[in-house]
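J.: Next up is a structure, given as structure tokens.
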Amino acid sequence: MTEEMYSVEQVADRLGLHVRTVRGYIRSGRLRAVRIGKQYRIAASDLDALTARPPLGGTPAAGVVGQAEVSSIVQVDGVDLAAADRLGTLVLASANTGHDPTRPLRVQTVYDDQRHRLKIIIIGDPAGTAELLHLLDAVLTADNGLIDREVPDA
1351 MTEEMYSVEQ VADRLGLHVR TVRGYIRSGR LRAVRIGKQY RIAASDLDAL
1401 TARPPLGGTP AAGVVGQAEV SSIVQVDGVD LAAADRLGTL VLASANTGHD
1451 PTRPLRVQTV YDDQRHRLKI IIIGDPAGTA ELLHLLDAVL TADNGLIDRE
1501 VPDA
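The sequence shown begins at 1351 in the working numbering and counts up by one.
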């Protein structure tokens, strides 16, 4: 018996996601897929593994509970560009090391030069996100020289 295979478009439609999001899941390893020519195909069992649903007629694997994802936005006011770069590098390095590769953290930073404001967007599992937020809190509350609180007037 052969397993049913889905295209990226079919998976996106089933999950209510954008096609680019599904491709991102494949590239990051979050969703297993087979490349056939220039297109990906996703096995029904791999789609079920992503959504933590048991295969038809089966039971969930031991210990499998629904996955949760957290989205956080941290706004840091009163930082200059150099401090924002240092903080962004620290956060990105932390997000890319020491975490479960099947549950990656995604981080994006945006700096507003006129307002001297850094926004850090974190998306990931609750434990990894909490760990990264604790790191940010420690860095932002410590007087370690990473963040220069004196922002020169423009």
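Just so it is clear, CB atoms sit at the ideal spot from N, CA and C, and this is done for glycine as well.
Per DSSP, what are the beta-bridge partners of valine 1426 in this structure?
T.: In the DSSP output, where bridge partners are listed per residue, valine 1426 has Leu1468.
J.: Considering only their Cβ atoms, is the gap separating alanine 1402 from glutamine 1417 smaller than 8 Å?
T.: Yes, the pair counts as a contact, with Cβ atoms nearer than the cut-off.
J.: Are valine 1429 and valine 1441 closer than 8 Å when you measure CB to CB?
T.: Not in contact: valine 1429 and valine 1441 (Cβ atoms no closer than 8 Å).
J.: Looking at the secondary structure, which residues open and close the beta strand (DSSP E) in which arginine 1456 lies?
T.: Taken as a continuous stretch (DSSP letters only), the beta strand (DSSP E) holding arginine 1456 covers 1456-1462.
J.: Answer yes or no: do glutamate 1354 and alanine 1383 have a C-beta to C-beta separation smaller than 8 Å?
T.: No, they are not a contact pair.
J.: Whole beta strand (DSSP E) runs in the segment 1359-1408 with 3 or more residues, listed along the chain?
T.: DSSP runs (the beta strand (DSSP E)) wholly in the segment 1359-1408: 1384-1386, 1389-1393.
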